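**Student:** Okay, handing you the structure first.
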Amino acid sequence: MKVTNLTLFTMSACPLGRTMRHVLEEVTTLLPEQTFSIVFIDQEPELTNEARISNNPTTLFRDKNRKEVNRVEGFMETDEVIQLIKTKKTYTTLPSGAKREKSVETYTIYLLNGDALEAVDIDFTNPTSVKTPRITAINLLLEADLQPLINPFPDSTTLELVSFEEDLARVYINHEEKTISEGTAYKMKRCLQQTLHSYGTKKVELVLKRL
Numbered sequence: 004m005k006v007t008n009l010t011l012f013t014m015s016a017c018p019l020g021r022t023m024r025h026v027l028e029e030v031t032t033l034l035p036e037q038t039f040s041i042v043f044i045d046q047e048p049e050l051t052n053e054a055r056i057s058n059n060p061t062t063l064f065r066d067k068n069r070k071e072v073n074r075v076e077g078f079m080e081t082d083e084v085i086q087l088i089k090t091k092k093t094y095t096t097l098p099s100g101a102k103r104e105k106s107v108e109t110y111t112i113y114l115l116n117g118d119a120l121e122a123v124d125i126d127f128t129n130p131t132s133v134k135t136p137r138i139t140a141i142n143l144l145l146e147a148d149l150q151p152l153i154n155p156f157p158d159s160t161t162l163e164l165v166s167f168e169e170d171l172a173r174v175y176i177n178h179e180e181k182t183i184s185e186g187t188a189y190k191m192k193r194c195l196q197q198t199l200h201s202y203g204t205k206k207v208e209l210v211l212k213r214l
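Right, here's the structure in full:
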């Protein structure tokens with residue numbers, strides 16, 4: 004079966020997914036007979052489940068009938084992808100059985116009670132079987148409305164991208180506010196840092212971008 008299409012499944016805020024996207028775009032430039040498409044796991048859970056995706060990111064290699072020939076989970080260099088396209092070697096065992104289903108996960112986020120941080124446990128229904136705990140925890144924090152606790156993130160904030168380097172998290176947040184004070188940004192950073200602490204994060208670099 005000849006590969007003619009590459010489909011990347013990734014979380015929209017995942018840095019590794021964005022890197023893999025650049026790789027696949029380069030592949031299609033070098034091999035113009037290949038087409039490339041992208042499915043954001045957090046935006047299209049039904050397609051994700053139908054494709055039996057369990058890891059982020061995952062690339063599917065498909066033939067002209069959209070039948071899966073191969074898949075790669077995680078990152079792969081451009082020349083490795085090209086070599087895999089040109090050979091008939093199966094890189095991973097293709098999944099079998101029913102499509103993936105949703106699951107319930109519990110996360111702890113931190114909001115403000117006055118000047119103090121307070122832990123809140125939240126049950127999250129994950130519409131897929133793909134687990135991205137750090138990204139999910141950040142999104143739950145941004146969306147939390149648990150009065151009388153204070154969420155320093157305005158309603159307009161959304162997560163654009165997050166990257167992790169050892170114990171440092173760089174979090175890129177979009178917003179539609181006219182201004183965000185230094186005091187508010189500091190409170191955001193405190194809540195983020197404590198929310199991510201259980202995942203090994205000790206420092207947070209917060210980048211705010213007005214849309």
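Following our numbering, the numbering of the sequence shown begins with 4 at its first residue and continues without gaps. Ideal Cβ positions, reconstructed from N, Cα and C, are used throughout, including at glycine. These figures come from a predicted structure and were not determined experimentally.
Scan the segment 68-143 and note each continuous beta strand (DSSP E) run of 3 residues or more that stays entirely inside, going in chain order.
**Tutor:** For the segment 68-143, whole beta strand (DSSP E) runs of length 3 or above, ordered along the chain, are 71-76, 106-116, 119-129.
**Student:** Using 8 angstroms as the cut-off, can you tell me whether the segment 79-90 makes contact with the segment 159-178, which would need three or more C-beta pairs spanning the two stretches below that distance?
**Tutor:** Not touching, per the Cβ criterion.
**Student:** Using alpha carbons as the reference points, say which of D118, R21, T135 lies closest to S106.
**Tutor:** The candidate whose alpha carbon is nearest that of S106 is T135.
**Student:** So, under 8 angstroms CB-CB, V165 and A16 are touching, yes? Tell me the CB distance rounded to an integer number of Å.
**Tutor:** Yes, V165 and A16 are in contact; Cβ-Cβ is about 6 angstroms, under 8 angstroms.
**Student:** Alpha carbons only, please: which of T131, K192, E104, G203 is nearest the one belonging to E169?
**Tutor:** The option with the nearest alpha carbon to E169 is G203.
**Student:** Quick check on the DSSP output: what are the complete beta strand (DSSP E) runs of length 3 or more inside the segment 9-74, in order along the chain?
**Tutor:** Correct list: 38-43, 61-65.
**Student:** Taking only the alpha-carbon atoms, compute the straight-line gap between V26 and T13 and give it to the nearest angstrom.
**Tutor:** The straight-line gap from Cα to Cα measures roughly 14 angstroms.
**Student:** Since I41 and I56 are thought to touch, with beta carbons under 8 angstroms apart, how far apart are those beta carbons, to the nearest angstrom?
**Tutor:** The pair is not a contact, with the Cβ atoms about 13 angstroms apart (cut-off 8 angstroms).
**Student:** Could you pull out every residue in the same chain whose Cβ sits closer than 7 angstroms to the Cβ of K190, ignoring the five residues on either side in sequence?
**Tutor:** Counting only Cβ-Cβ distances below 7 angstroms, and skipping sequence neighbours, we find L115, P155.
**Student:** Using CA atoms only, rank isn't needed, just tell me which of D126, L9, K89 is closest to T62.
**Tutor:** Ranking the options by Cα distance to T62, first place goes to L9.
**Student:** Using C-beta distances below 8 angstroms, list every residue in its chain close to N129, excluding the 5 sequence neighbours before and after it, in chain order.
**Tutor:** Hits under 8 angstroms: K105, S106, V107, E108, T139.
**Student:** Could you compute how far the alpha carbon of I88 sits from the alpha carbon of L19?
**Tutor:** Each residue's Cα considered, the two are about 21 angstroms apart.
**Student:** Rounded to a whole number of angstroms, what is the C-alpha to C-alpha distance between A122 and I176?
**Tutor:** Their Cα atoms are separated by approximately 22 angstroms.
**Student:** Look at T7 and E36 and say whether their C-beta atoms are less than 8 angstroms apart.
**Tutor:** Cβ distance < 8 angstroms, so T7 and E36 count as in contact.
**Student:** Quick check: the Cα distance between L171 and I141, rounded to an integer number of angstroms?
**Tutor:** Cα-Cα distance, rounded: 14 angstroms.
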